[in-house]
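**Q** Those protein sequence lines, which keep their order, are chains F and Z. Sequential numbering from 1 applies to the first sequence in this note's numbering. Sequential numbering from 445 applies to the second sequence in this note's numbering. Where is the CB? At the ideal position from N, CA and C, for every residue including glycine.
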Amino acid sequence: MDKSVKYLIIGNSAGGIGAAEAIRQVDSQGSLAIVSDEPYPAYSRPMISDYLAGKCTLEKMLFRPAGFYESNNIITLFDSPVQRLDVSGRIAQLRSGEQISWEKLLLATGGSPIVPRIKGKRSKGIFTFTTLDDARKIDQYLKNNQVSEVVVIGGGLIGVSAAEALVKRGLKVTIVEMKDRILNVMLDSEASALEAGALTRAGVNIRTGRTVEEVNSYAGETVASVTLDNSGVIPCEMVIVAIGVRPRAELAAGAGIQVDRGIVVDRRMATSIPEVYACGDVAEAYDFVYRQRRLTPIWPNAYQGGMVAGANMAGKPAEYQGGTAMNSLKYFGLDILSAGMPDAVDGCEAISGAGDGYYHKVVLRDGVVVGMIFAGNIEKAGIVYSLMRKGVRVERFKQALVAADFGLASLPGEIWRPRLERPAVGVVSAVTAVEAPEEFEGAD
Amino acid sequence: MKRVYINPDVCLGCGLCEVFCKVSHSRSRDLVKAFKKETPRPVARIRVERRAPVSFAVQCRHCAEPLCVYSCLTGALRKEPNGVVTVDAERCIGCWTCILACHVGAIRQDKEQGKIAKCDLCQGLDMPACVANCPNESLAFVEVQESVSGNGSGDGLALTVREA
């Protein structure tokens, strides 16, 4: 049974939902279908660790209330992988044999976990950890097998999330990280050490500067241990591979859409092919810190990119102002927020402040914040992030940004007054782009 | 929509807005019980900043383009049709991503419950408790047309939507 829709969205997570919501704000009638290879309504992917820890059910994880698709008049084709795209004919061929033709297409296909070449990787008890089904398989395996020790390969966000969930289930966990510190993409060495301390106190064993060479198994079947590159052996009955995700750009590449590391999109989230858009983990979109297209596979950027794509698809011009990596960590009671560059590079300047229970750091380039880390005391972090997003010059008050008592009142009145005071009648607000760094005088 | 605006020039930094916000968001709605007895302890959704002689209160701006809502990992934050940005406590997991998104630092951590606490403009009351109990009229609850509102339109918007 073939279908024809005005808007076709492939992918049913943050990006796809952001786009669908933006489309419906502009066009309440145009036929809209979401195709997904997962069988579930959109769920909060970051919550799979809560699910694995036994703290929540799928119902609690739903990203939108029950009835979302019906009330927004969205046709859903879940559990329906797309086989092939024909961009000149504007047809998506599903694996089921069904064809869907579109007027506007969004590729929000996300990422897939990278599984490196490791000897013995076919043993039973090896999992990745990016989807609800992954969490369910791990859960089932733990219930049906005697598992007491787990090795997590990769000390990034996914690896640490998995480690926390497994510790909460009473397992002994070792994280093996190739680099010299965990969470090295988003944290500097100080904040990484704080995080490592919190994990270690919770019983997690962390091995940095090491890689797993081989997964050993009993009689070529279930996992028994891993061998590290220094020949050290860690006994374990389960291995979680969490070294990263790569864009799921195969469909796009196969259809002749320009793909670099991810699907290349402009500030409208448009790809190289007319009426085909992309967003989220699969897309390579503008990053305002690095001032170039970059993969930033994080939830908020996927949703916002989806909104921009959806608005454009529905005929309302919108531009992505750019996203950068922004992350929130709260493992074992330690709160850390970070964004942009964790370390000063190439002429950047780093300023930090630390004291009882807090560590604050900003990285400046040409007097503008391009990186930040707030640990411990985090409630004011968003103020600094807004200075970063707006490209405000902070040279004159940069030390205040990392002080323990930092707040809006630490900033010149020109910055905080317009955010809080009643605007004078007739003042037209700034719905403007942020390309040029602003002086704080007369900002907003 | 109606928003709370501050006049910092007459704010004395007394903190009564925080007190009455906490009471307004307590279960008992009783001053003494809210502060001394209730568990979990109610959390004020307004914060007074003081840097003598400057002081002012900060609470959610209910931005026209709320980056917190656009950043929420679980769908707990929502922009209601009436413009109020609300949080569904059942769905908030306290990931704090919205705190990083808020340009005024208005979102509070309720660490006891592991969730955020934020201003809801005291839905159901004619006037938010902070405004009603400000002794010096430093807080005002007024309607300012969204199109002329610099404040509340959001800061460093996630996207620029240009009217065609």
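(1) Does the structure place the region 306 to 315 of chain F close enough to the region 241 to 261 of chain F that three or more beta carbon pairs sit under 8 Å?
(2) Per DSSP, what are the beta-bridge partners of F:G371 in this structure?
(3) Under 7 Å, Cβ to Cβ, is there at least one residue of chain F near Z:T483?
(4) In angstroms, rounded to a whole number, what distance separates the CA positions of Z:V529 and F:V384?
(5) With 7 Å as the threshold, decide whether the Cβ of Z:R495 is near any Cβ in chain F.
(6) Taking only the alpha-carbon atoms, compute the straight-line gap between Z:E581 and Z:A501 and give it to the nearest angstrom.
(7) Go ahead and label Z:P572 buried or exposed: buried means 16 or more other beta carbons lie within 10 angstroms of its beta carbon, across all protein chains shown.
(8) Enumerate in chain order the residues of its own chain whose CB-to-CB distance from Z:R491 is below 8 Å, with the five nearest sequence positions on each side excluded.
(9) Give me the Cβ distance between F:V151 and F:C236, rounded to the nearest whole Å; I'm assuming they're in contact under 8 Å.
(10) Quick check: what's the CA-CA separation for F:G18 versus F:G89?
(11) Return the residue from the list F:G254, F:E213, F:E284, F:M388 that minimises the CA-CA distance to F:V241.
(12) Between the region 42 to 53 of chain F and chain Z, which residues of the former have a C-beta closer than 7 Å to a C-beta of the latter?
(13) Is there contact between the region 288 to 297 of chain F and the region 514 to 528 of chain Z, where contact requires at least three CB pairs shorter than 8 Å?
(14) Ends of the beta strand (DSSP E) at F:Q292?
(15) If you measure beta-carbon to beta-carbon, which residues of the region 346 to 378 of chain F are closer than 7 Å to chain Z?
(16) With a Cβ-Cβ cutoff of 7 Å, do Z:F585 and Z:K446 count as a contact?
(17) Answer yes or no: do F:M42 and F:F63 have a C-beta to C-beta separation smaller than 7 Å?
(18) Taking 8 Å as the threshold, find out whether the region 222 to 239 of chain F comes into contact with the region 118 to 127 of chain F through three or more Cβ pairs.
(19) Counting only Cβ pairs nearer than 8 Å, list the residues of chain F close to Z:K505.
(20) If you measure beta-carbon to beta-carbon, which residues of the region 284 to 312 of chain F are closer than 8 Å to chain Z?
(21) Which whole runs of the beta strand (DSSP E) in the region 194 to 240 of chain F are 3 residues long or more, in chain order?
(22) Rank F:S31, F:G323, F:G305 by C-alpha distance to the C-alpha of F:D287 and give the top, closest one.
(23) Check for me: the alpha helix (DSSP H) holding F:S49 runs from which residue to which?
(24) Let me confirm a value: F:L337 is counted as buried when at least 16 other C-beta atoms fall within 10 Å, else exposed. Which label applies?
(25) Enumerated in chain order, which unbroken segments of the beta strand (DSSP E) with a length of 3 residues or greater are wholly contained in the region 452 to 538 of chain Z?
(26) Within 7 Å of any Cβ in chain Z, is that where the Cβ of F:A386 sits?
(27) List, in chain order, every chain Z residue whose beta-carbon is nearer than 7 Å to that of F:G407.
(28) F:G30 CB to nearest chain Z CB: under 7 Å?
(29) Would F:R210 and F:D180 be called neighbours here (beta carbons separated by less than 7 Å)?
(30) Hey, how far is the Cα of F:T208 from the Cα of F:V173?
(31) Whose CA, out of F:S36, F:P46, F:Q99, lies closest to the CA of F:V5?
(32) Taking any Cβ of chain Z, which residues in the region 317 to 332 of chain F have a Cβ under 7 Å from it, in chain order?
(33) Compare the C-beta of Z:I450 against all C-beta atoms of chain F and say whether one is closer than 7 Å.
(34) Closest to F:D356 by C-alpha separation, out of F:L105, F:N205, F:L194, F:V226, would be which residue?
(35) Output the distance between the C-alpha atoms of Z:A508 and Z:H547, rounded to the nearest integer angstrom.
(36) With a threshold of 16 other CB atoms inside 10 Å of the CB of F:G67, please say whether the residue is buried or exposed.
**A** Walking through what the data contain:
(1) The region 241 to 261 of chain F, when compared against the region 306 to 315 of chain F, does not touch it at the 8 Å Cβ threshold.
(2) Beta-bridge pairing links F:G371 to F:G340, F:V363.
(3) So, not an interface residue.
(4) In a straight line, the C-alpha of Z:V529 is about 21 Å away from that of F:V384.
(5) It does: the Cβ of Z:R495 has a partner Cβ on chain F nearer than 7 Å.
(6) Approximately 12 Å between the Cα atoms of the pair.
(7) Z:P572 should be labelled buried.
(8) Excluding residues within five positions, the ones whose Cβ falls inside 8 Å are E462, A501, V502, Q503, G549, A550, R552.
(9) The beta-carbon distance between F:V151 and F:C236, rounded to whole angstroms, is 4 Å. This is short enough to meet the 8 Å contact definition.
(10) Using only the alpha carbons, I get a separation of about 26 Å.
(11) Closest by alpha carbon: F:E213.
(12) The region 42 to 53 of chain F vs chain Z, Cβ under 7 Å: S44, P46, M47, D50.
(13) Touching, no.
(14) Run containing F:Q292: 292 to 294, per the beta strand (DSSP E) assignment.
(15) For the region 346 to 378 of chain F, the set of residues with a beta-carbon nearer than 7 Å to any beta-carbon of chain Z comprises I378, in chain order.
(16) In terms of Cβ geometry, Z:F585 and Z:K446 form a close pair [threshold 7 Å].
(17) Sequence check: residue 42 of chain F is Ala here, not Met. Their beta carbons are under 7 Å apart, which means F:A42 touches F:F63 by this criterion.
(18) Segments in contact, yes.
(19) One detail in the question is off: residue 505 of chain Z reads as Arg in this sequence, not Lys. Here the neighbours are R419, L420.
(20) Answer in chain order: W299, P300, Y303, Q304, M307, V308, A311.
(21) List check, beta strand (DSSP E) in window: 205 to 208, 212 to 217, 223 to 228, 233 to 235.
(22) Here the closest residue by C-alpha is F:G323.
(23) F:S49 -> alpha helix (DSSP H) spans 48 to 52.
(24) When all chains shown are included, F:L337 counts as buried.
(25) The DSSP assignment places 491 to 495, 498 to 502, 521 to 523, 529 to 531 as complete runs of the beta strand (DSSP E) inside the region 452 to 538 of chain Z, in order along the chain (cut-off: 3 residues).
(26) Note that residue 386 of chain F is Ser in the sequence shown here, rather than Ala. Contact with chain Z is found for F:S386, since one of that chain's Cβ atoms lies less than 7 Å from the residue's Cβ.
(27) Those are E493, G549, listed as they occur along chain Z.
(28) By this cut-off, F:G30 is not an interface position.
(29) In this structure, F:R210 keeps its C-beta atom at 7 Å or more from the C-beta atom of F:D180.
(30) Approximately 14 Å, taken between the alpha carbons.
(31) That would be F:Q99, whose Cα lies nearest to the Cα of F:V5.
(32) Taking 7 Å as the Cβ-Cβ cut-off, the region 317 to 332 of chain F approaches chain Z at P317, A318, E319, Y320, Q321, M326, S328, K330, given in chain order.
(33) It does: the Cβ of Z:I450 has a partner Cβ on chain F nearer than 7 Å.
(34) Ranking F:L105, F:N205, F:L194, F:V226 by Cα distance to F:D356 puts F:L194 first.
(35) Cα-Cα distance, rounded: 13 Å.
(36) Exposed: under 16 other Cβ atoms inside 10 Å.
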